[in-house]
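Chains as they are written, first to last, in the working numbering: chain A, 11 to 276; chain B, 11 to 276.
Don't be surprised by glycine CBs; every beta carbon is placed ideally from N, CA and C.
Protein chains: 2
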Amino acid sequence: MTDTSQHSFESIIEELAGSGNSRTWSILVTIFGDLAQKTGDEISGPLLSSLTQRIGIKPQAMRVALHRLRRDGWIATEKVGRTSKHRLTEYGLSQSLIASPRIYAATINPPEAWHVLLANPDTQIDEKNLVIRGYRRVLPNVHVGAGHAPQGVGDFLVVEGTLSTIPEWLQALIADAATVEEYIRLEQNLDVVAGALDNGYSPTISETAVIRALIVHDWRRIVLRQPNLSLELVPGSPSAQCRANVWKLLARLERPTLEALEVATT
Amino acid sequence: MTDTSQHSFESIIEELAGSGNSRTWSILVTIFGDLAQKTGDEISGPLLSSLTQRIGIKPQAMRVALHRLRRDGWIATEKVGRTSKHRLTEYGLSQSLIASPRIYAATINPPEAWHVLLANPDTQIDEKNLVIRGYRRVLPNVHVGAGHAPQGVGDFLVVEGTLSTIPEWLQALIADAATVEEYIRLEQNLDVVAGALDNGYSPTISETAVIRALIVHDWRRIVLRQPNLSLELVPGSPSAQCRANVWKLLARLERPTLEALEVATT
Chain A
11 MTDTSQHSFE SIIEELAGSG NSRTWSILVT IFGDLAQKTG DEISGPLLSS
61 LTQRIGIKPQ AMRVALHRLR RDGWIATEKV GRTSKHRLTE YGLSQSLIAS
111 PRIYAATINP PEAWHVLLAN PDTQIDEKNL VIRGYRRVLP NVHVGAGHAP
161 QGVGDFLVVE GTLSTIPEWL QALIADAATV EEYIRLEQNL DVVAGALDNG
211 YSPTISETAV IRALIVHDWR RIVLRQPNLS LELVPGSPSA QCRANVWKLL
261 ARLERPTLEA LEVATT
Chain B
11 MTDTSQHSFE SIIEELAGSG NSRTWSILVT IFGDLAQKTG DEISGPLLSS
61 LTQRIGIKPQ AMRVALHRLR RDGWIATEKV GRTSKHRLTE YGLSQSLIAS
111 PRIYAATINP PEAWHVLLAN PDTQIDEKNL VIRGYRRVLP NVHVGAGHAP
161 QGVGDFLVVE GTLSTIPEWL QALIADAATV EEYIRLEQNL DVVAGALDNG
211 YSPTISETAV IRALIVHDWR RIVLRQPNLS LELVPGSPSA QCRANVWKLL
261 ARLERPTLEA LEVATT
């Protein structure tokens with residue numbers, strides 16, 4: 011490893027890991043999601059330690075996070091001799107698969123069906139629950155969600171079908187300052203990595219795995235928090251561009267195989 | 011004409027004509043719509059005078075109303091010798107045909123398509139215009155209309171498709187006191203007419219034409235003012251029952267032909 015590439019990797023990590031205040035367990039989920047999303051995929055204890063240490067995660071923090079992920083049913087750990095083998099559980103795999111299209115798709119196609127929930131103005135609705143399920147509040151008592159309306163929505167009047175183009179007032183509502191800011195910061199991070207690669211930095215496969223994980227993690231934090239009716243559906247928004255740039259960069263950082271990573275760690 | 015039937019007709023007219031404060035021109039539109047809705051149909055001056063006088067409309071009021079309807083393009087008048095012949099214009103016929111299904115249908119089938127207009131909360135919308143076009147305001151900045159969304163609705167977010175069952179809070183909003191009151195009053199009027207017929211009252215064809223016109227007029231005033239998303243779509247509402255009763259009563263009062271009415275007048 012040359013001094014220059016060491017410098018490149020460190021500044022990339024500083025940029026990518028420094029920008030978020032992510033929980034360790036959340037980063038672990040991203041690592042498993044990026045590297046070990048097939049049934050049977052396993053990551054050894056030493057490999058996981060090696061990857062997380064490169065990000066700056068302390069061994070104790072990783073142990074705590076792994077404990078939590080096992081407790082919540084995301085990850086299973088098996089001891090083989092003196093070595094631990096970690097893998098996503100059935101549940102972890104299914105959750106990971108649900109999120110994957112939104113994270114890894116090169117472009118987002120708007121859903122064919124939408125529905126709007128119109129709530130009784132005289133009762134309190136569980137707005138938080140709707141937002142968690144991907145609904146966008148467009149007006150007081152009015153939430154728009156993707157796909158068909160779920161059964162048994164109770165007290166709502168529901169209109170289900172197609173959505174018109176998004177008028178400017180709603181575009182402005184969707185492109186709120188905090189969301190736009192997040193996209194801009196991610197773009198800056200992507201630029202740092204792309205710039206290093208342009209300048210001849212050639213990461214090792216372990217570095218590649220770590221850089222990929224951090225990019226995916228940053229991106230995932232943004233897109234999975236976005237409602238169905240998101241900035242990506244607004245023409246010319248920073249979001250669609252950001253997705254294209256994430257995709258372009260991940261293509262330059264080819265996903266290493268677990269086998270190669272295990273070999274590189276030992 | 012027996013004393014009893016004279017009495018029946020007078021009390022019916024008192025009930026039906028007394029309950030509304032309708033403009034004469036509006037009653038004339040109903041008469042033409044009920045009796046002369048085919049191209050070529052004409053009502054002579056003497057017949058029109060005879061019918062309106064039976065309702066209690068003064069000759070001078072009828073002349074003013076006819077003048078207004080000609081000016082607004084609803085009615086055309088031709089002099090044949092000393093007799094005037096009145097008919098709906100092309101425009102009048104088309105307007106009458108648009109309204110007919112909503113007035114005369116035995117039952118109302120909900121439209122297959124609906125659409126909801128979601129308005130920019132920061133701008134003033136022309137709510138009056140939407141209401142005239144049959145939209146129902148269900149929430150602030152939210153209007154529901156029947157059928158497909160019109161082109162070029164501008165600043166609205168539009169969701170177009172199917173409508174869920176109407177939740178109770180919206181049923182209550184739709185069944186506002188004033189509307190329910192109108193239906194109840196009309197039911198009472200229908201009862202008076204049905205009661206007289208049950209008691210053996212057999213109206214002349216001129217009386218039939220007048221009673222029909224007044225029933226249709228009362229009913230028309232209510233239903234045409236109702237938004238697309240109306241009380242008729244609320245299960246068990248007074249409105250669907252009222253429509254059935256109007257229809258039953260009109261079936262008992264067979265529409266006279268213009269020829270027979272002209273003969274009866276001369």
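| query | Quick one, which of 142(A), 266(A), 104(A) and 47(A) has its alpha-carbon nearest residue 238(A)'s? | reply | Restricting attention to 142(A), 266(A), 104(A) and 47(A), the CA atom closest to the CA of residue 238(A) is found in 142(A).
| query | Who are the near neighbours of residue 126(B) in its chain, counting only those whose CB is closer than 6 Å to its CB and skipping five residues on each side? | reply | These residues qualify, in order along the chain: 154 and 169.
| At least one CB of chain A closer than 8 Å to the CB of residue 156(B): is that the case? | Taking Cβ atoms only, chain A never reaches closer than 8 Å to residue 156(B), which makes this a no.
| request: Could you tell me which of 96(A), 42(A), 181(A) and 208(A) sits nearest to residue 242(A), measuring between CA atoms? | output: Distance check between residue 242(A) and each of 96(A), 42(A), 181(A) and 208(A) places 181(A) closest, using alpha-carbon atoms only.
| query | Hey, residue 193(B) and residue 225(B) are a contact pair by Cβ (cut 8 Å); roughly how many whole angstroms apart? | reply | With a Cβ gap of about 14 Å, residue 193(B) and residue 225(B) do not count as contacting.
| said: Measuring straight from C-alpha to C-alpha, what distance separates residue 245(A) and residue 62(A)? | reply: Their backbone Cα atoms lie some 38 Å apart in a straight line.
| Can you find a C-beta in chain A that's less than 8 Å from the C-beta of residue 136(B)? | Cβ-Cβ to chain A under 8 Å: no for residue 136(B).
| request: To the nearest angstrom, report how far apart residue 199(B) and residue 108(B) are at their CA atoms. | output: Residue 199(B) and residue 108(B): Cα-Cα distance of roughly 26 Å.
| What does residue 171(B) reach in chain A if we use C-beta pairs closer than 9 Å? | Simply 123, 124, 125, 169, 170, 171 and 172.
| query | Should the region 29-46 of chain B be called in touch with the region 78-95 of chain B, which here means at least 3 C-beta pairs below 8 Å? | reply | Yes, the region 29-46 of chain B touches the region 78-95 of chain B.
| Exposed or buried, which one is residue 130(A) when buried takes at least 16 other CB atoms within 10 Å? | Buried is the call here.
| field | Exposure label - residue 119(A); buried when at least 16 CB within 10 Å | value | The residue is exposed, with fewer than 16 neighbouring Cβ atoms inside 10 Å.
| request: Note down the Cα distance separating residue 190(A) from residue 248(A), rounded to an integer number of angstroms. | output: Cα-Cα distance, rounded: 7 Å.
| query | Taking Cβ positions only, does residue 82(A) come closer than 8 Å to chain B? | reply | Chain B contact via Cβ: absent.
| task | Just mark residue 234(B) as buried or exposed, buried being the case when its beta carbon has 16 or more other beta carbons within 10 Å. | result | Looking at its Cβ environment, which holds fewer than 16 other Cβ atoms inside 10 Å, residue 234(B) is exposed.
| In this structure, does DSSP put residue 146(B) in helix, strand or coil? | In the structure shown, residue 146(B) sits in a strand (DSSP, three-state: E or B).
| query | How big is the Cα-Cα spacing for residue 197(A) and residue 229(A)? | reply | The C-alpha of residue 229(A) is placed about 10 Å away from the C-alpha of residue 197(A).
| For residue 156(B) versus residue 121(B), is the C-beta spacing smaller than 8 Å? | Yes. Within cutoff.
| field | residue 179(B) at chain A interface by Cβ criterion, 8 Å | value | Yes, contact with chain A.
| Which chain A residues are close to residue 187(B), counting only those with a beta carbon under 8 Å from its beta carbon? | Going along chain A, no residue has its Cβ under 8 Å from residue 187(B), so there is no contact; the nearest lies around 17 Å.
| field | Partner residues on chain B for residue 165(A), Cβ-Cβ distance less than 7 Å | value | In chain order: 177 and 179.
| Option nearest residue 266(B) by Cα separation, candidates 227(B), 124(B), 251(B) and 218(B) | Cα-wise, what sits closest to residue 266(B) is 218(B).
| task | Take the Cβ of residue 273(A) as the centre, count every other Cβ of all protein chains shown within 10 Å, and call the residue buried at 16 or more, exposed below. | result | Counting of Cβ neighbours within 10 angstroms places residue 273(A) among the exposed residues, the total staying below 16.
| chain B contact for residue 244(A) (CB, 8 Å cutoff) | At a cut-off of 8 Å between C-beta atoms, residue 244(A) does not count as an interface residue with respect to chain B.
| said: Closer than 7 Å between beta carbons: that is the criterion. Which residues of the region 226-239 of chain B meet it against chain A? | reply: Near chain A, meaning a CB-to-CB distance below 7 Å, no residue of the region 226-239 of chain B qualifies.
| said: Checking 8 Å against the spacing of the C-beta atoms, do residue 275(A) and residue 212(A) come in under that value? | reply: No, these two residues do not count as a Cβ contact at 8 Å.
| field | Inter-residue Cα distance where the pair is residue 46(A) and residue 133(A) | value | Distance from the CA atom of residue 46(A) to the CA atom of residue 133(A), rounded to whole angstroms, is 45 Å.
| query | Taking the alpha carbon of residue 203(A) as the point to measure from, which residue in 163(A), 104(A) and 261(A) has its own alpha carbon closest? | reply | Nearest of 163(A), 104(A) and 261(A) to residue 203(A), Cα basis: 261(A).
| said: Going by the DSSP bridge assignment, what does residue 276(A) pair with across the sheet? | reply: None, per the DSSP bridge assignment.
| query | Does the Cβ-Cβ distance between residue 206(A) and residue 59(A) come in under 8 Å? | reply | No. Outside cutoff.
| task | State the start and end residues of the unbroken beta strand (DSSP E) segment that holds residue 153(B). | result | 152-156 is the span of the beta strand (DSSP E), which, as asked, contains residue 153(B).
| Taking a cut of 7 Å between CB atoms, which residues from the region 82-101 of chain B lie near chain A? | The residues in question: there are none.
| message | According to DSSP, is residue 192(A) part of a helix, a strand, or is it coil? | response | When DSSP states are grouped into helix, strand and coil, residue 192(A) belongs to the helix group.
| query | With 8 Å set as the bound, which would you pick, yes or no: does the beta-carbon of residue 131(A) sit closer than that to a beta-carbon of chain B? | reply | Judged by the 8 Å Cβ criterion, residue 131(A) is in contact with chain B.
| task | Return the CA-CA distance between residue 252(B) and residue 201(B), expressed in angstroms with no decimal places. | result | Rounded to the nearest angstrom, the two C-alpha atoms are 11 Å apart.
| Spatial distance of residue 148(B) from residue 159(A) (CA atoms) | Distance between the alpha carbons of residue 148(B) and residue 159(A): 19 Å.
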